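J.: Start counting at 1 in the sequence shown, then tack on 18, and there's your number in this note's numbering. I have a structure here, written as structure tokens, and I will follow up with some questions on it.
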Amino acid sequence: MRSYVWLALGLGLFSGSAMASNTGFGVTLYGGQSSNQDLHTSQKAVVELADKNHFGVSFDRYLDKKRYGFFYSMVETEFEDSPIYKVDMEYLMFQSAIDVDITDNLDSYIGAQIGVNKVTPNFEEPDHFFAAGFYGGLKYNLGAGFSAQTELRWLASSIKNSSKVRCDGSDEDVCAWHFDGDVLNQFQLNIGLTYRF
Numbered sequence: 019m020r021s022y023v024w025l026a027l028g029l030g031l032f033s034g035s036a037m038a039s040n041t042g043f044g045v046t047l048y049g050g051q052s053s054n055q056d057l058h059t060s061q062k063a064v065v066e067l068a069d070k071n072h073f074g075v076s077f078d079r080y081l082d083k084k085r086y087g088f089f090y091s092m093v094e095t096e097f098e099d100s101p102i103y104k105v106d107m108e109y110l111m112f113q114s115a116i117d118v119d120i121t122d123n124l125d126s127y128i129g130a131q132i133g134v135n136k137v138t139p140n141f142e143e144p145d146h147f148f149a150a151g152f153y154g155g156l157k158y159n160l161g162a163g164f165s166a167q168t169e170l171r172w173l174a175s176s177i178k179n180s181s182k183v184r185c186d187g188s189d190e191d192v193c194a195w196h197f198d199g200d201v202l203n204q205f206q207l208n209i210g211l212t213y214r215f
């Protein structure tokens with residue numbers, strides 16, 4: 019029952035006037051490669067996260083050449099020099115984009131996003147960090163409501179957990195993931211398939 023309530027609330031966010039041919043809803047499935055920037059801990063150590071594959075999904079409301087909705091992405095990575103240290107990242111973002119026609123079947127688009135990055139190391143408690151960024155790409159209409167796309171997405175997370183964790187050098191695991199303030203820049207190269215209805 020609870021899942022139906024959440025579904026109803028989610029659909030209510032996208033309620034609007036009757037749909038025309040250039041309006042409606044869309045669901046997109048993503049897959050691709052994530053590239054991570056190095057991080058610097060409060061102990062001045064450098065954390066290099068491995069580049070890994072990821073998957074994602076978005077649900078958007080389309081209004082003429084504009085759209086807005088929610089984007090979720092999951093990536094499982096690890097320390098480059100210590101693969102036993104695993105780090106999972108889950109993004110939940112509100113996004114908005116504008117489509118620009120190139121040809122009858124080919125569009126470009128550019129958008130912005132804001133939300134949260136849930137970071138879960140296998141050696142520390144999970145934490146939530148503010149995230150934002152931009153994205154853009156190309157979309158090709160396949161017909162019957164389907165379109166294929168490729169995009170580049172920049173996600174920047176503000177990493178600061180000094181208020182939650184005390185790092186005095188007594189716990190190597192904790193100090194390996196303790197930040198007084200840094201920005202994790204992650205770039206996602208995606209391919210996707212969208213169905214509009």
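We treat Cβ as the ideally placed atom computed from N, Cα and C, and that holds for glycine. This structure is a prediction, so every number in the text was calculated from the model and none was measured.
1) What residues match up with LYS157 in a beta bridge as DSSP calls it?
2) Whose C-beta lies closer than 8 Å to the C-beta of THR121 among residues of the same chain, with five residues either side of it excluded?
3) From ALA162, HIS72, GLU66 and LEU160, pick the residue whose C-alpha is nearest to that of MET92; which is it?
4) Give the DSSP bridge partners of PHE147, in chain order.
5) Tell me the DSSP secondary structure of SER100 in three-state form.
6) Put ASN40 into one of helix, strand or coil per three-state DSSP.
7) Using alpha carbons as the reference points, say which of TYR109, GLU94, THR168 and GLY133 lies closest to LEU67.
8) Less than 9 Å between the C-beta atoms of LEU124 and LYS157, yes or no?
9) Return the bridge partner residues of PHE88 from the DSSP annotation.
10) So, is ILE128 buried or exposed, given that buried needs 16 or more other C-beta atoms within 10 angstroms?
11) Which same chain residues, not among the five before or five after TYR86, have their C-beta less than 8 Å away from its C-beta?
12) Going by beta carbon distance, what residues of the same chain come within less than 6 Å of GLU108, once the five residues before and after it are set aside?
13) Strictly by DSSP, which residues pair up with PHE221?
14) For GLN55, count neighbouring Cβ atoms within 10 angstroms of its own Cβ and tell me buried if that reaches 16, exposed if not.
15) Per DSSP, which residues does PHE152 bridge with? Please list them.
16) When you compare only the Cα positions, how much space is there between LEU170 and GLY154?
17) Mind reading off the beta-carbon distance from GLN204 to SER53? Whole number of angstroms is fine, and I expect it under 8 Å.
T.: On the basis of the data shown:
1) For LYS157, the beta-bridge partners assigned by DSSP are ASP125 and GLN167.
2) Counting only Cβ-Cβ distances below 8 Å, and skipping sequence neighbours, we find nothing.
3) Nearest C-alpha to MET92: HIS72.
4) Per DSSP, ASN135.
5) In this structure, SER100 counts as coil in the three-state DSSP scheme.
6) It is coil, neither helix nor strand.
7) The residue among TYR109, GLU94, THR168 and GLY133 with its C-alpha nearest the C-alpha of LEU67 is GLU94.
8) Result yes, Cβ atoms of LEU124 and LYS157 sit closer than 9 Å.
9) For PHE88, which the question treats as bridged, DSSP gives the partners PHE77 and PHE112.
10) Per the 10 Å Cβ criterion, exposed.
11) The answer, listed in chain order, is ASP78, ARG79, PHE112, GLN113, SER114 and ALA115.
12) Closer than 6 Å at Cβ, skipping near neighbours: MET92 and LYS136.
13) The structure shown does not extend to residue 221, since the chain spans only 19 to 215, so no value can be given for it.
14) Result: exposed.
15) In the DSSP output, where bridge partners are listed per residue, PHE152 has ALA130 and TRP172.
16) Cα to Cα, LEU170 sits roughly 6 Å from GLY154.
17) Indeed they touch by this definition, with Cβ atoms about 7 Å apart.
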